[in-house]
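Below you'll find the structure, written out as structure tokens, and then a few comments.
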Amino acid sequence: MKVIDTSGLQCPAPLIATRRAMKETEEGESFGIITDSKSSFENISRFLKDHGQEFSCEESSGKWILTINKGPTGNISVSPAGYCETPVPHFSKGDFIVAFGSDKMGEGNDELGRHLMINFVLALKDLDKLPVRMVFYNSGVLLGSEDSKAADHLNEMEKMGIELLFCETCVSYYSLSKKMKVGTLSNMFEIAQIMASASNIVKP
Amino acid sequence: MKIDLLEMADGGGCSSKIPALQLEEFLKHLPLPEDPDILVNISNHDDAGVYRINDELALVFTNDFFPPVCSDPYEFGQIAAVNALSDVYAMGGRPVVALNIMMFPSSRLSPDVYAGILRGGYETAAGAGVSIIGGHTIDDPVPKYGLAVIGFVHPSGIITNAGAMPGDSIILTKPLGTGIILAANRLGLASQADISEALASMKQLNKPGADIMKKYGVKGATDITGFGLAGHTLKMARASEVSITLNMKQVRLIGNTLALVEDGCIPGAAFRNLDYIEKDTRFSAGLAYNLKMAACDAQTSGGLLISAAPEIAGQVVDELSETGFHKAAIIGKVTERSEKLLYLNE
Chain W
12 MKVIDTSGLQ CPAPLIATRR AMKETEEGES FGIITDSKSS FENISRFLKD HGQEFSCEES
72 SGKWILTINK GPTGNISVSP AGYCETPVPH FSKGDFIVAF GSDKMGEGND ELGRHLMINF
132 VLALKDLDKL PVRMVFYNSG VLLGSEDSKA ADHLNEMEKM GIELLFCETC VSYYSLSKKM
192 KVGTLSNMFE IAQIMASASN IVKP
Chain A
94 MKIDLLEMAD GGGCSSKIPA LQLEEFLKHL PLPEDPDILV NISNHDDAGV YRINDELALV
154 FTNDFFPPVC SDPYEFGQIA AVNALSDVYA MGGRPVVALN IMMFPSSRLS PDVYAGILRG
214 GYETAAGAGV SIIGGHTIDD PVPKYGLAVI GFVHPSGIIT NAGAMPGDSI ILTKPLGTGI
274 ILAANRLGLA SQADISEALA SMKQLNKPGA DIMKKYGVKG ATDITGFGLA GHTLKMARAS
334 EVSITLNMKQ VRLIGNTLAL VEDGCIPGAA FRNLDYIEKD TRFSAGLAYN LKMAACDAQT
394 SGGLLISAAP EIAGQVVDEL SETGFHKAAI IGKVTERSEK LLYLNE
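Protein sequences, first through last, are from chains W and A.
Under our numbering, think of the first position of the first sequence as 12, with each following residue one higher.
Under our numbering, think of the first position of the second sequence as 94, with each following residue one higher.
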């Protein structure tokens, strides 16, 4: 396997070397890139992901070693940037949105309420028709934080193309800015607009 | 011996600006001063602050400095000054006085280099009708130069990044690609023609653009610098509470910019800008990867992004072209706020 050591080279030379190797390597064959710059490592990783390339990486004593198994790229200069397109849903979306105004479902015991809400999120994923969007406000935003058991499930739904919008004021209020794992921060105007134009709103 | 300033700036191919995401995180913890005479503050991430003196006069106040973007000290001084003055022009103001900001390794570089940088700054400022009336230098391993600038504007004539109106056309006055070309130049990959075009573009004062905007009563504009076309357009859309669609095929590029991107010559700043915009942006399925990265390329001393009513947009472009902005073009349009702030089309 060809390994290119770009240590000591200035950004974006390591990326240029990666690009060249990608063009020169046959599909199914592998090549390696070594860099001693964290930012070059991050940029190369992003570039490879953007081009649908599979790779592994390891770090040892200030060097990053990427091993790339060259997959199909087509003519990447003209191919669309696939990862950021709206994903084509492989399920059908229903005619409704879900509004999470709390991290608890129903009234009564708080612990039970939190437990029920996790189950609700899990069940949502398995519905025949999925919501178009989901909005989160007040303690509902807690569901998207890294501490919540719901976050991974929400993440999966986001990858399925469902838009998750979290009230920014609420995220700040609960000091979650650095802990949010999913979704997009949004303002009250956008949330109000989405709720007002939705055919149906489900509120657990 | 010929001095190459570029050798003084390490890691320069990557941006010297703090990533937008990180900057917004820092800034949001600062209290905003309250004073009815502050007409434009940092809340919309505009190009400069504006402070009202009386009903006829307001001050446009800004500063900007960076490490070398080219080898020649005089040329570096010129570009840094054009770039610093640009923020005043983008707000519809007329720059009047300025102070030098200089960081200089006095033990490593000769006084000639220092003098060359300053001369580039002074002559550019003088050409724009601006007097440099002082400054401040500190010893620092990597040279950096720029200006703090004060300009005048009539309080009713302020142009901001919050002034884009649905229906407006979006005009870009200079071609894109300075970040990519400069990175290629450092690695010896850029052609002489591309380097010359990039340097000429960076040295072009945005003054004619400001005059034309004033003539036509334009309300919304910003200048394109470190956050790239996509980043600054996104900030404009957010501040104006609208959505903006850009058609990347109408965006003019410097020389072989796209071929360099195709070779992987993408500076780190473009990836940071992509990180910044992607949550609020929809990329069309047909948008080529290379054009997307060009939209994210950090510009040094870039053009003005002007939001103009559609009935005057054509004339604005014609007059820009007559004043030397031959690559000015209508590149998009403003719509009512919809799902995303920015729509990047092929």
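The beta-carbon is built from N, C-alpha and C at its ideal position, and this holds for glycine as well.
Problem - Sufficient close CB pairs (3 or more, under 8 Å) joining the region 21-35 of chain W to the region 46-56 of chain W - result: Result yes; three or more Cβ-Cβ pairs closer than 8 Å.
Handout entry: Backbone secondary structure at A:G348 - three-state DSSP
Key = On the second sequence, residue 348 of chain A is found 255 positions in, with the first residue counted as 1. Here DSSP, grouped into helix, strand and coil, assigns A:G348 to coil.
Exercise for the section: With a cut-off of 8 Å on the beta carbons, I'd call A:A183 and A:A323 a contact; round off their distance for me. Expected result: The residue given as residue 183 of chain A occupies position 90 in the second sequence. The residue given as residue 323 of chain A occupies position 230 in the second sequence. A Cβ-Cβ distance of about 17 Å is found for the pair A:A183 and A:A323, leaving them out of contact under the 8 Å criterion.
Practice task
From the DSSP output, in three-state form, read off A:H229 for me.
Solution key: Along the second sequence, one-based indexing puts residue 229 of chain A at 136. A:H229 falls in the strand class under three-state DSSP.
Problem - C-alpha gap between A:D97 and A:R279, whole angstroms - result: As a first step, residue 97 of chain A is located in the second sequence; it is residue number 4 there, counting from the start. As a first step, residue 279 of chain A is located in the second sequence; it is residue number 186 there, counting from the start. The alpha-carbon separation between A:D97 and A:R279 amounts to approximately 11 Å.
Handout entry: Residue from W:S183, W:T29, W:M199 whose Cα sits closest to the Cα of A:E118
Key = Here residue 118 of chain A refers to the residue found at position 25 of the second sequence. Here the closest residue by C-alpha is W:S183.
Problem - Meets three-Cβ-pair contact criterion under 8 Å: the region 262-270 of chain A and the region 431-438 of chain A - result: Contact between the region 262-270 of chain A and the region 431-438 of chain A is absent, because fewer than three Cβ pairs lie under 8 Å.
Practice task
Could you give the DSSP three-state label for W:R31: helix, strand or coil?
Solution key: For the purposes of this step, residue 31 of chain W is taken as the residue at position 20 of the first sequence. Helix, per DSSP.
Exercise for the section: Using a threshold of 9 Å, state whether the C-beta atoms of W:F42 and W:K13 are closer than that. Expected result: Residue mapping note: residue 42 of chain W aligns to position 31 of the first sequence, counting from 1. Residue mapping note: residue 13 of chain W aligns to position 2 of the first sequence, counting from 1. Yes.
Problem - Residue of W:R125, W:A110, W:I108, W:V109 minimising C-alpha distance to W:M116 - result: Working through the first sequence from its first residue, we reach residue 116 of chain W at position 105. W:M116 has its Cα closest to that of W:R125, out of W:R125, W:A110, W:I108, W:V109.
Handout entry: Straight-line gap, A:R331 to W:G39 (C-alpha atoms, nearest Å)
Key = Translated into the one-based positions of the second sequence, residue 331 of chain A becomes position 238. Translated into the one-based positions of the first sequence, residue 39 of chain W becomes position 28. Their Cα atoms are separated by approximately 44 Å.
Handout entry: Identified DSSP bridge partners for W:R125
Key = By 1-based counting over the first sequence, the position of residue 125 of chain W is 114. None, per the DSSP bridge assignment.
Problem - Closer than 9 Å to chain W by CB, A:D372 - result: Taking the first residue of the second sequence as position 1, residue 372 of chain A is located at position 279. In the sequence as presented, Asp is not what sits at residue 372 of chain A; that position holds Lys. A:K372 counts as touching chain W.
Exercise for the section: List the residues of chain A that W:I108 touches, going by C-beta distances under 8 Å, in chain order. Expected result: For the purposes of this step, residue 108 of chain W is taken as residue 97 along the first sequence, with counting starting at 1. Those do not exist, as W:I108 stays about 13 Å from chain A at its closest Cβ, beyond 8 Å.
Exercise for the section: Give the straight-line distance between the Cα atoms of A:G442 and A:S333, rounded to the nearest whole angstrom. Expected result: Within the shown structure, residues of chain A are numbered from 94 to 439, placing residue 442 of chain A beyond reach of any answer.
Problem - Three-state secondary structure (DSSP) of W:I15 - result: The sequence position of residue 15 of chain W within the first sequence is 4, counting from 1. Under the three-state reduction of DSSP, W:I15 is assigned to strand.
Exercise for the section: Please go through the same chain and pick out, in chain order, the residues whose beta-carbon is closer than 6 Å to the beta-carbon of W:M199, but skip the five residues on each side of it. Expected result: Within the first sequence, numbered from 1, the residue matching residue 199 of chain W stands at position 188. Hits under 6 Å: none found.
Handout entry: Any chain A beta carbon closer than 9 Å to W:P91
Key = Along the first sequence, read from residue 1 onward, the residue named residue 91 of chain W stands at position 80. With a pLDDT of 33 at W:P91, under the threshold of 50, the predicted position of this residue should be treated as unreliable, though the coordinate-derived value follows. At least one beta carbon of chain A lies nearer than 9 Å to the beta carbon of W:P91.
Handout entry: Per-residue burial, W:T97 [other beta carbons within 10 Å of its own, 16 or more giving buried]
Key = As a first step, residue 97 of chain W is located in the first sequence; it is residue number 86 there, counting from the start. Because W:T97 sits at a pLDDT of 31, beneath the cut-off of 50, its placement in the model cannot be relied upon, and the point is left open.
Practice task
Using alpha carbons as the reference points, say which of A:T326, A:A406, A:S284 lies closest to A:L367.
Solution key: Counting from one through the second sequence, the residue named residue 367 of chain A turns up at place 274. The candidate whose alpha carbon is nearest that of A:L367 is A:T326.
Problem - Residue from W:I205, W:D163, W:D61 whose Cα sits closest to the Cα of A:K385 - result: Numbered from 1 along the second sequence, position 292 holds the residue referred to as residue 385 of chain A. The residue from W:I205, W:D163, W:D61 with its alpha-carbon nearest to that of A:K385 is W:D61.
Handout entry: A:I146 Cβ short of 8 Å to the ligand MG heavy atom set
Key = In the structure on display, the ligand MG does not appear, and there are no ligands present to speak of.
Practice task
Classify A:G407 as helix, strand or coil using the three-state DSSP reduction.
Solution key: On the second sequence, position 314 is the one that residue 407 of chain A refers to. A:G407 sits in a helix when the DSSP states are folded into three classes.
Exercise for the section: Go ahead and label W:S159 buried or exposed: buried means 16 or more other beta carbons lie within 10 angstroms of its beta carbon, across all protein chains shown. Expected result: Position 148 of the first sequence, counted from the first residue, corresponds to residue 159 of chain W. Counting every other CB atom within 10 Å of its CB across the protein chains shown gives W:S159 a total of 16 or more, marking it as buried.
Practice task
State yes or no: is the beta carbon of W:N54 nearer than 9 Å to at least one beta carbon in chain A?
Solution key: On the first sequence, residue 54 of chain W is found 43 positions in, with the first residue counted as 1. W:N54 counts as touching chain A.
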